[in-house]
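Chains as they are written, first to last, in the working numbering: chain V, 278 to 917; chain P, 28 to 129; chain G, 19 to 587. Quick reminder that beta carbons are idealized off the backbone N, C-alpha and C, glycines included. One structure below.
What follows is the structure in structure tokens.
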């Protein structure tokens, strides 16, 4: 096993290097193989490792591979090393599997596009960085993957660099996440200075030994880590980059939202959960941020008209659930939801990509409709994805994972009724917006005012080869079956997932008895999610006139516009940060300080201009000046 | 020997010197400037002579001889410059030479 | 002997280049390259001999303990002036850096320099020679001699081969550095006489002057003299005015040498001379210096963002990065010093690379104006790749050398001055802003509209910018005028980085990547020197020791959750 592990991130990285450095003409076929095969191979290796892990006793489920000491200065000796435990393994599974499915999908989706090679190079860099992130055993080495993910998201969001808007979206993603990263960096400074190490396992151990629960240091460290996680995971208040990240090709969105990038923050918090455990205040902040974000993003999603933006806000909202889970100490529930979310969100994005393609690059869901007949496979898979997102009871993976999160929000000792209510309201909103998309896109009459260039038959055939469909089917299967390994605790069924993670992520202490213990909360959640789907059906499929009527109302219109723009965060940041920055830089373009120092030169020149008058070149004046000077000297000498 | 009082001699030297200086300052013709310088030199020489006579030392006369030599050298160089100036600039106006400064 | 050769080889190589240029410019270039590589080889041989084995520290007095080789010949013994050269890990790193960058500079001007080739290479090599002298001199008088000597060839490099505003830039550069240098001369003489009057030994020898007992008033004034000289070079904030002008007006090789080496003299001088000679006095200005460093980080980043001249942009990033160096030097502990050394090397390569890139772009486009660039990636993908890499190095992407350096500096600073470290870390966000802005302005975006640019700006091609979903992109592309076509095809066919440039950039990238993943190479080399210097000038402030919690009651409350991952293999 030790020999195998390094190859998992190594393969995509090599693929990146080969694709990036190859240059010249590479046949698309070769590019596709170089682009997909290594990650698929990594997935295979991951599977082998998983097999070995499951075969081993719970104590033996850990694997560490050390390569070399990065730097060694005094006591500072971060290592370049991998550490595999059940948590990293789950992440690794998600990244490699979902990643290779998305890559496979891209082979066909991106065919014939300029920059085919560049695309696969970046995608591999993305997956490779993410694998480094989840596998590294040292916080500093983790930062390599962390920033590598940021870089590749930047490259991919700005993939079509010809349009400045894409470049702006890409820069926004990188810069906003970098704000969080800087906080994380300061967190590392604090952790090393306090605990003398950056190795995750050592750090967690000594944090527990040295920091009292609720101590200032622990809280500061947890908050700084949290800031980093917020940036990467697009939580309030650093969420603004994710909706704009839609500028990239659709597979990129799938990768960012499902397998990599946004999950990194959740992983980081879970990884350092010991620190959060020591800092109840920081944990509370995490829960509140999660709760606020899930509501905020859900309401925004409800107003979006761009199909990808709906999905983007839904991601923010679902990550909010994960943060909520982390905030109440339900570490493994967060990871469970992360995994289920990866399946259904990748599915939704890939299906949405096909929809967009079939509609001739139309993103607006109001102009779609009736696609159920034209695109049956896409319809069914999208429906499964949406059902999973809406936590359709009993069948979908999303139900089991979200149920676990919502349940623990109430029953965990760190949870409370308020958070639970928010989570339930969020579930309602989720079902509403998820099925709003389904009904608007796939049901009803074709709404498109754009001339459809092709007949339905042709559309059905376009870009729908095996490589596109197979990932959809696999992901649809996972989006349903992925949850069956972990049934709600009240059912007494298997809890394989949390058991597997138990050695790393302990289950939260739960309250005993009362409302939380009964079946009531669960039933409420299930009923609400189904009811919301029906409501969505009523509003968007059965009686669109009602919605249209309400939408006429000016108050609702203002509200809707506000939600459409993500509640004005962009405008706020623009006014608070961007405008002053631009103003400052534009004002200071001439280098004020240099100008200040240059006044010396200016004074010298002024003096020179004055004094050169005296050098007229007329000898008589020189003589006169000289003689008067002599006379003056003599006079002074005599009279003194 | 009823000597002329030194004050007289020095006074004459001072007057001559002042006349020469004024000549240098106000005349624009190089020839006149040179002549004025000659006057100033001789004024200085007169002062030397008077002083030498007052203390009965030969130094004054020696210095006067020096001054004569210097004056001769000065006149020869000055006249040469004046000739060149006339030839190149077509004038003997001393202010015209001010273009040398650039 | 090898130390003298390090100075003599480039000096003589300059004459060879000068005299052969008339007959064969190509031979002149090769000979210049050969002399700089010879210097590199000499310093590498020293490094291999002394730093790759498992040699322990050699015996000697403090300050000389880490010296692996010394040469000491009387020069003007009556005045206590010696030709005293010595080399330790730090010097050796600087020497290798010098020759590597000068070799890159020669390569970078292979095609761009066409007139007075011999003189150009002579001046370049003489700069290398005097830099080699600066980095090895252990006699203050000798140091000053080399310190001033290196200005002369650089002045001519800028004023003869520079760009449109070269003379003003050259004069500004000269006056700034000369003014600083003269203050240092005064301080050197002051130290000389004070040392002489107290001990009776009048000497300029660095090792003997170490630990001179000075009144705190005198020490402060002398220290300020040195500080001014090095702060101008570095440059520290209010004294940075010469840098953008000089860097942007210099020819490519000149910019590389300026950014890669000249400003590093400031860092080297502070580490080698300023703090060890006047530990007490320099620690008194720690707060001011750190504030200047942080201000420099921000100011440089702000200014870089707002520039429209590519080379000026890069120049201001240097101001920003050197802020970190200043911060690290005054943090004065092992972590920070190692960070400074790494930063010096990595910044030299990354910024040198950026200047080479800017020079190569200017050769192609005839402009440095960012307004006239944009969308170059589709025409010049290799440029784009290299530019992206260097931008990432500049913004401190983990895995590249600059990140390790900046992290070490921040870590070292955090122990001494927490607010400074935290504020400086925020500077990294600004670094991201300007680095990405640079990439956007040059390589991304639509190609510039034709007709507005007089120069041979590349024109957009429909095939390259048309992207599904971005309807705006092809609009400008179709406007491609027929008049531009010939230039465009010429640009396409052989405009991208050629083999020589790819080789240069490969070296640069390799070094940055190597130092990002295994900086230990440098760390080990500089360790002895840093230990030695820290012994000479023990940091005054009480450091926050690791492993000591500031909490009063550790383990006061019961731990509910069992430690994860503990007691496992």
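- Here the segment 859-866 of chain V lies against the segment 312-331 of chain G, with 3 or more beta-carbon pairs under 8 Å apart.
- When Cβ-Cβ separations below 7 Å define contact, residue 630 (chain V) makes no contact with chain G.
- The three-state secondary structure of residue 346 (chain G), taken from DSSP, is helix.
- By alpha-carbon distance to residue 517 (chain V), the top candidate from V:437, V:526, V:592, V:386 is V:592.
- Residue V:553 holds the alpha-carbon nearest to the alpha-carbon of residue 492 (chain V) among V:553, V:362, V:890.
- Residue state for residue 280 (chain G) is assigned as helix, using DSSP reduced to three classes.
- Relative to residue 336 (chain V), the option among V:577, V:452, V:453, V:780 whose CA is nearest is V:780.
- Interface residue (Cβ-Cβ distance to chain V less than 7 Å): residue 84 (chain G) is not classified as such.
- With respect to the 7 Å criterion, residue 546 (chain V) and residue 603 (chain V) are classified as neighbours on the basis of their beta carbons.
- With a cut-off of 8 Å on Cβ pairs, the segment 380-400 of chain V is not in contact with the segment 374-382 of chain G, counting fewer than three such pairs.
- The residue from V:669, V:829, V:485 with its alpha-carbon nearest to that of residue 807 (chain V) is V:669.
- DSSP places residue 488 (chain V) in the coil class of the three-state scheme, outside both helix and strand.
- Contact check for residue 445 (chain V) against residue 434 (chain V) fails: the beta carbons are separated by 7 Å or more.
- In the three-state reduction of the DSSP assignment, residue 94 (chain G) falls in the strand class.
- Under the Cβ distance rule, residue 63 (chain P) does not count among the residues neighbouring chain V, no pair being separated by less than 7 Å.
- One finds 51, 52 in chain P with Cβ atoms closer than 7 Å to the Cβ of residue 900 (chain V), taken in chain order.
- Comparing alpha carbon positions, the residue from G:373, G:403, G:249, G:330 closest to residue 341 (chain G) is G:249.
- The C-beta of residue 441 (chain V) comes closer than 7 Å to at least one C-beta of chain G.
- Looking at V:632, V:686, V:575, the one whose alpha-carbon comes closest to that of residue 584 (chain V) is V:632.
- Assignment of residue 650 (chain V) by DSSP, reduced to helix, strand and coil, places it in the helix class.
- Relative to the Cα of residue 353 (chain G), the nearest Cα in the group V:693, V:469, V:330 belongs to V:469.
- Under the Cβ distance rule, residue 896 (chain V) counts among the residues neighbouring chain P, one pair being separated by less than 7 Å.
- Within the same chain, and ignoring the five residues on either side of residue 362 (chain V) in sequence, the residues whose Cβ sits closer than 6 Å to its Cβ are 339, 781.
- For residue 324 (chain G), at least one C-beta of chain V is nearer than 7 Å to its own C-beta.
- In chain order, 201, 202, 204, 205 place their CB closer than 6 Å to the CB of residue 243 (chain G), counting only its own chain and leaving out the 5 sequence neighbours on each side.
- Taking 7 Å as the cut-off, the beta carbon of residue 372 (chain G) is found no closer than this to the beta carbon of residue 434 (chain G).
- Residue 693 (chain V) and residue 775 (chain V) have their C-alpha atoms some 22 Å from each other.
- The beta-bridge partner set that DSSP reports for residue 56 (chain P) consists of P:120.
- In this structure, the alpha-carbon of residue 312 (chain V) lies about 41 Å from that of residue 269 (chain G).
- When 8 Å is used as the limit between beta carbons, residue 541 (chain G) is near these residues of chain V: 348, 349, 350, in chain order.
- Around the beta-carbon of residue 191 (chain G), 16 or more other beta-carbon atoms lie within 10 Å, marking it buried.
- Residue 463 (chain G) and residue 399 (chain G) have their C-alpha atoms spaced approximately 14 Å apart.
- With respect to the 7 Å criterion, residue 408 (chain V) and residue 286 (chain V) are classified as neighbours on the basis of their beta carbons.
- Measuring C-alpha to C-alpha distances from residue 453 (chain V) to each of V:699, V:677, V:705, V:521 identifies V:521 as the nearest.
- Taking C-beta atoms under 8 Å as the contact rule, residue 452 (chain G) and residue 335 (chain G) qualify, at a distance of about 7 Å.
- Here residue 35 (chain P) is exposed: its Cβ has fewer than 16 other Cβ atoms, across all protein chains shown, within 10 Å.
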